[in-house]
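Student:
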Amino acid sequence: MTFHVYNTLTKEKVPFEPMEAGVARVYNCGPTVYGRPHIGNYRSFLFADLLRRWLEYLGLEVQQVMNITDVGHLTDDDVADSDGDDKVEAQARREQRDPFEITRGYTDMFLEDMKALGVREPLARPRATEYIDEMVVMVEKLIEAGHAYRVGGNVYFDVSTYPAYGRLSGNRVEDLVAGSRVEVNQEKRHPADFALWKSDEAHLMKWETVFGPDGFPGWHIECSAMAKALLGDQIDIHTGGEDNVFPHHECEIAQSACANGVPLANVWMHAKFLQVDGGKMSKSLGNVYTLPDVEGRGFEARHLRFALLRGHYRTQINFTWAIMDEIRARLENLDEVAVLLHRLLDGGAAAADAEAGRDVLAKTISGFEEGMNDDLNAPVALAALEGLRKPLLEGQVGEAVAQDALAFYRRANEVFGFIEVDKQTADGEVEALIAARNAAKEAKDWSAADAARDALTAMGIELQDTPNGVVWRRK
RNA sequence: GGCGGCAUGGCCAAGUGGCUAAGGCGAUGGAUUGCAAAUCCAUUAUUCCCCGGUUCGAAUCCGGGUGCCGCCUCCA
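Going by my numbering, the letters in the first sequence line up with residues 762 to 1236, in that order.
#1: So, helix, strand or coil for Arg1025, using DSSP?
#2: Less than 8 Å separating the beta-carbons of Asp1004 and Tyr767?
#3: Going by beta carbon distance, what residues of the same chain come within less than 6 Å of Glu1223, once the five residues before and after it are set aside?
#4: I need the DSSP call for Asn932, collapsed to helix, strand or coil.
#5: Thinking C-alpha only, which one of Ser985, Ala1117, Ile800 and Met780 is nearest Val1049?
#6: Can you say whether Glu983 is buried or exposed, counting buried as having 16 or more other CB atoms within 10 angstroms of its CB?
#7: Quick one: what does DSSP say Val898 is sitting in, helix, strand or coil?
#8: Counting C-beta neighbours from all protein chains within 10 Å, is the total for Arg888 16 or more, i.e. buried, or is it exposed?
#9: Per the contact definition of three or more C-beta pairs closer than 8 Å, is the stretch 1198 to 1209 in contact with the stretch 1076 to 1083?
#10: For a test of the three-state rule: what should DSSP assign to Tyr923, helix, strand or coil?
#11: Can you give the Cα-Cα distance for Lys1033 and Glu1192, rounded to whole angstroms?
#12: Am I right that Pro798 and Thr1076 are in contact with their C-beta atoms under 8 Å? What's the rounded C-beta distance?
#13: Rounded to whole angstroms, what is the Cα-Cα separation between Asp859 and Met899?
#14: In terms of alpha-carbon separation, which member of Val849, Asp919 and Gly979 lies closest to Val897?
#15: Assuming the contact rule is C-beta atoms closer than 8 Å, Gln995 and Val1100 should be a hit. Round their C-beta distance to whole Å, please.
#16: Classify Trp815 as buried or exposed, calling it buried when 16 or more other Cβ atoms lie within 10 Å of its own Cβ.
#17: Just how far apart, CA to CA, sit Arg1091 and Lys967?
#18: Whole angstroms is fine: what's the gap from Asp838's alpha carbon to Asn915's?
#19: At which residues does the alpha helix (DSSP H) containing Arg1071 begin and terminate?
#20: If you scan the stretch 850 to 884 from start to end, which runs of the alpha helix (DSSP H) of 4 or more residues do you find wholly inside it?
#21: Taking the beta strand (DSSP E) that Ile1078 belongs to, which residues open and close that run?
#22: Helix, strand or coil: how does DSSP classify Thr1125 here?
#23: Could you tell me which residues DSSP pairs with Met827 in its beta bridges?
#24: How is Ser960 classed by DSSP in three states: helix, strand or coil?
#25: With DSSP as the reference, identify every bridge partner of Glu773, one or two as the case may be.
#26: Is Glu778 buried or exposed, if buried means 16 or more other CB atoms sit within 10 Å of its CB?
#27: Output the distance between the C-alpha atoms of Gly1221 and Glu1175, rounded to the nearest integer angstrom.
#28: Check each candidate in Asn1027, Val1141, Asn828 and Gly1047 and name the one with the smallest Cα separation from Gly1072.
#29: Straight-line CA distance for Phe955 to Val920?
#30: Just how far apart, CA to CA, sit Leu903 and Val832?
#31: Going by DSSP in three states, Ala1219 sits in which element: helix, strand or coil?
#32: Let me check one thing: in DSSP terms, what residues is Val1037 bridge-paired to?
#33: Let me know the secondary structure DSSP gives Asp1165 once reduced to three states.
#34: Quick one: what's got a C-beta closer than 8 Å to Gln1225's C-beta in the same chain, skipping five residues either side?
#35: Between the C-alpha atoms of Tyr926 and Lys774, what's the straight-line distance to the nearest angstrom?
#36: Taking C-alpha atoms, which residue in Ala986, Arg928 and Ala909 lies nearest to Arg950?
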């Protein structure tokens, strides 16, 4: 089975075929850095990371770009000019700091979190403020081509010049107008027209351009310009959260196609929102969690990575602390597969036949790959990996197979990135305590034996008394 | 008002027309143990939100209802 992906644009799963053999060009809509990223944000970036890692597993070179939006989007495009209020500037006012300082600070936090969560560095993380010139060029081109028009220092995209507008989101221009809850901006030709460039001298983040001295880009042009600058006019996959479908990606599609003459992306993929405690997370409920919150509850970043990748990216998944406890237990089992493989290869209980379990391994690999190839069906792939544990516990795996199984397990973890696959080594203190406990048991000094065991438990070492002696693992 | 998604055991989560509904967590009983943990054995959805329909056959398709969620406004 080849890798199939669900394309939001066509609403169907299609085989993934990169335009250039062996290379996948992928653009991920990144965060707007006006606040500390939360677990909901992480989900869509983790999805982007999973996609990238799966493409790499398949042997493709992935040219991945994830932008950082450090220009605030207007909170309300249609009434923009009056107060120039946008997320970044609003935050800047709240913190009484320079907006550029704000975005730098939150960008650093974002990058720290990504690193902690094991997200691989993309080829580039362009910042919108570094691509103002490219945006202006694109806007000028759209004006020249008759797809955009100026009203004073503002520039709007004329949706009537792009009949496919609405295809991605399933919205019709007429319905958008009817359902619009914002005041109609009189200077636009059509209420659905969207801003490419805005001017407002009260705006804090502003640039002098051909459109005037106090301008700033509209919400959508940034990504179109950065994708073009770094990946070219046409890319293979464009991703984002489900909220990006409309208006952001719909607008990107329109403006890029009109400016470049080719479709921006062949496939559009969107991650569903994460829910917390069964509903939308909200500040008033106090459940807009961040990585430090999760770590404060005694979990590691990899637990969170697992929790957010455990469900299919297009299904709603829920986050609760009870689920995190379950995640911890499950991850211990996945870690244990590696522990068991290392133990076996170090002379542990292997099946007599070195080739024993070959069929089990083959089934595991095909289950894993078929799951991932089916639009990144992580739950199926994970179930396949978990299936390795039982045969190992039952001693049904031979040494040669274990060798291959470990190699595969490492590759599988190159995709998931939350399993501990390296061999666990004991330090002198651990070994001494184990020896002390064995001696105490021999002497039937149960309180000394239990003391040693308690000390090890406190160090995160779990002992297992098996019929063949004592083994241990780090939990 | 317009558009869209989802509903599977105590919990999480696969399955999208056809053998006994994956897998995990948890729970219960037993074995094992100095006691535990781990492990092993057994049990844990005759049933997939509800009501109709199509079909030889549906969790899977269709119609209606209920509930949750999303977009149309900043949001991953």
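Where a beta carbon is used, it is the ideal one built from N, C-alpha and C, also for glycine. All figures in this text were calculated on a predicted structure; none of them were measured in a lab.
Tutor: Taking the geometry as given:
#1: Here residue 1025 corresponds to residue number 264 of the first sequence, with the count starting at 1. Residue 1025 is actually Leu in this sequence, not Arg. Of the three classes helix, strand and coil, the one that applies to Leu1025 here is coil, per DSSP.
#2: Counting from 1 along the first sequence, the entry for residue 1004 is found at position 243. Counting from 1 along the first sequence, the entry for residue 767 is found at position 6. Not in contact: Asp1004 and Tyr767 (Cβ atoms no closer than 8 Å).
#3: For the purposes of this step, residue 1223 is taken as residue 462 along the first sequence, with counting starting at 1. Within the same chain, Glu1223 has close Cβ partners Arg1234 and Lys1236.
#4: For this step, residue 932 is matched to residue 171 along the first sequence. Coil, per DSSP.
#5: Translated into the one-based positions of the first sequence, residue 1049 becomes position 288. That would be Ile800, whose Cα lies nearest to the Cα of Val1049.
#6: Numbered from 1 along the first sequence, position 222 holds the residue referred to as residue 983. So Glu983 counts as buried.
#7: The residue given as residue 898 occupies position 137 in the first sequence. Val898 falls in the helix class under three-state DSSP.
#8: Walking along the first sequence from the start, residue 888 turns up at place 127. Classification for Arg888: buried.
#9: no
#10: In the first sequence, the residue the question calls residue 923 occupies position 162. Three-state DSSP puts Tyr923 in coil, outside helix and strand.
#11: Position 272 of the first sequence, counted from the start, is the residue given in the question as residue 1033. Position 431 of the first sequence, counted from the start, is the residue given in the question as residue 1192. One C-alpha to the other measures close to 47 Å.
#12: The residue labelled residue 798 in the question sits at position 37 within the first sequence. The residue labelled residue 1076 in the question sits at position 315 within the first sequence. Contact doesn't hold; Cβ gap of about 22 Å is too wide.
#13: Here residue 859 is taken as the residue at index 98 of the first sequence, counted from 1. Here residue 899 is taken as the residue at index 138 of the first sequence, counted from 1. Spanning the two alpha carbons is a distance of roughly 28 Å.
#14: For the purposes of this step, residue 897 is taken as the residue at position 136 of the first sequence. Selected option, being the one with the closest Cα: Gly979.
#15: Against the first sequence, residue 995 aligns to sequence position 234. Against the first sequence, residue 1100 aligns to sequence position 339. Contact doesn't hold; Cβ gap of about 46 Å is too wide.
#16: Counted from its first residue, the first sequence places residue 815 at position 54. Label assigned to Trp815: buried.
#17: Your numbering for residue 1091 matches position 330 in the first sequence. Your numbering for residue 967 matches position 206 in the first sequence. Their Cα atoms are separated by approximately 50 Å.
#18: Against the first sequence, residue 838 aligns to sequence position 77. Against the first sequence, residue 915 aligns to sequence position 154. For Asp838, the predicted structure reports a pLDDT of 40, less than 50, and the residue's modelled location is therefore unreliable. A value from the coordinates is still provided. About 12 Å.
#19: Counting from 1 along the first sequence, the entry for residue 1071 is found at position 310. From DSSP, Arg1071 is part of no alpha helix (DSSP H); its letter is neither H nor E.
#20: 860 to 877
#21: Position 317 of the first sequence, counted from the start, is the residue given in the question as residue 1078. Ile1078 to Phe1080 is the span of the beta strand (DSSP E), which, as asked, contains Ile1078.
#22: Taking the first sequence and counting its residues from 1, the one referred to as residue 1125 is at position 364. Looking at Thr1125 - three-state DSSP - the assignment turns out to be helix.
#23: Along the first sequence, read from residue 1 onward, the residue named residue 827 stands at position 66. DSSP lists Asn789 as partners of Met827.
#24: Indexing the first sequence from 1 puts residue 960 at position 199. In the structure shown, Ser960 sits in a strand (DSSP, three-state: E or B).
#25: Numbered from its first residue, the first sequence carries residue 773 at position 12. Answer is Asn768, bridged to Glu773.
#26: Residue mapping note: residue 778 aligns to position 17 of the first sequence, counting from 1. Per the 10 Å Cβ criterion, exposed.
#27: For this step, residue 1221 is matched to residue 460 along the first sequence. For this step, residue 1175 is matched to residue 414 along the first sequence. C-alpha separation (whole angstroms): 25 Å.
#28: Taking the first sequence and counting its residues from 1, the one referred to as residue 1072 is at position 311. The candidate whose alpha carbon is nearest that of Gly1072 is Val1141.
#29: By 1-based counting over the first sequence, the position of residue 955 is 194. By 1-based counting over the first sequence, the position of residue 920 is 159. Computed Cα separation, rounded: 8 Å.
#30: For the purposes of this step, residue 903 is taken as the residue at position 142 of the first sequence. For the purposes of this step, residue 832 is taken as the residue at position 71 of the first sequence. Taking the straight line joining both Cα atoms gives about 21 Å.
#31: Translated into the one-based positions of the first sequence, residue 1219 becomes position 458. In the structure shown, Ala1219 sits in a helix (DSSP, three-state: H, G or I).
#32: For this step, residue 1037 is matched to residue 276 along the first sequence. According to DSSP, which records beta bridges pairwise, Val1037 is partnered with Gly1040 and Phe1080.
#33: Sequence index remark: in the first sequence, residue 1165 carries index 404 (1-based). Helix at Asp1165.
#34: On the first sequence, position 464 is the one that residue 1225 refers to. Cβ within range, chain order: Val1231, Val1232, Trp1233 and Arg1234.
#35: Translated into positions along the first sequence, residue 926 becomes position 165. Translated into positions along the first sequence, residue 774 becomes position 13. Cα-Cα distance, rounded: 22 Å.
#36: Within the first sequence, numbered from 1, the residue matching residue 950 stands at position 189. Per the Cα distances, Ala909.
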